[in-house]
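Reading through the structure tokens given below for one structure.
Residue numbers (mature numbering (1 follows the signal peptide of the UniProt record, and there is no 0)): -21 to -1, 1 to 118.
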């Protein structure tokens, strides 16, 4: 079935879409209030590991794990979504280019400019992230 261009645009606008995509047209960019999340965050080095999180304005997310012993960095990619003014959900969909289903919900402290989480869910299984959890400082 063929749709005229305008009708297709109206049909698309009336459709509810869910999921994520790596392409976002300019007309559909996120709410400017969500720009507070955009940026780079970094953990303190603990047990030879530093975690770097980048939240991009197109809602892409990248986590890089850097080791002090010289091992190669590990890279995860995915997307992020603001849940409310102080919580953000980060979903990773690849680890070193392979499929991954990982989710962390971070709380944001505007005074310290830190993201923190106590747990991570991977493939439906929830894991605690140590006694103090994972704390990332805005860079």
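Using N, Cα and C, we set each Cβ at its ideal position, and we do this for glycine too. Since this is a predicted model, take the numbers as computed values, not measurements.
- Beta-bridge analysis with DSSP links residue 26 to no other residue.
- In the DSSP assignment, residue 18 falls within the beta strand (DSSP E) that extends over 18 to 21.
- A direct Cα-Cα distance of roughly 23 Å separates residue 22 from residue 63.
- Relative to the Cα of residue 113, the nearest Cα in the group 52, 90, 86, 104 belongs to 86.
- In this structure, the straight-line span from the alpha carbon of residue 91 to that of residue 35 is close to 21 Å.
- Here residue 107 is exposed: its Cβ has fewer than 16 other Cβ atoms, across all protein chains shown, within 10 Å.
- For the pair residue 31 and residue 60, the Cα-to-Cα distance works out to about 18 Å.
- Here residue 116 is near residue 93, since their CB atoms are less than 8 Å apart.
- Here DSSP, grouped into helix, strand and coil, assigns residue 91 to coil.
- For residue 60, the enclosing beta strand (DSSP E) has its first and last residue at 53 to 63.
- In this structure, DSSP gives residue 13 a helical state, which the three-state scheme calls helix.
- Taking the CA atoms as reference points, residue 101 sits about 12 Å from residue 74.
- About 5 Å separates the CB atoms of residue 69 and residue 40; that is less than 8 Å, so the two are in contact.
- Counting other Cβ atoms within 10 Å of its Cβ, residue 110 stays below 16 and is therefore classed as exposed.
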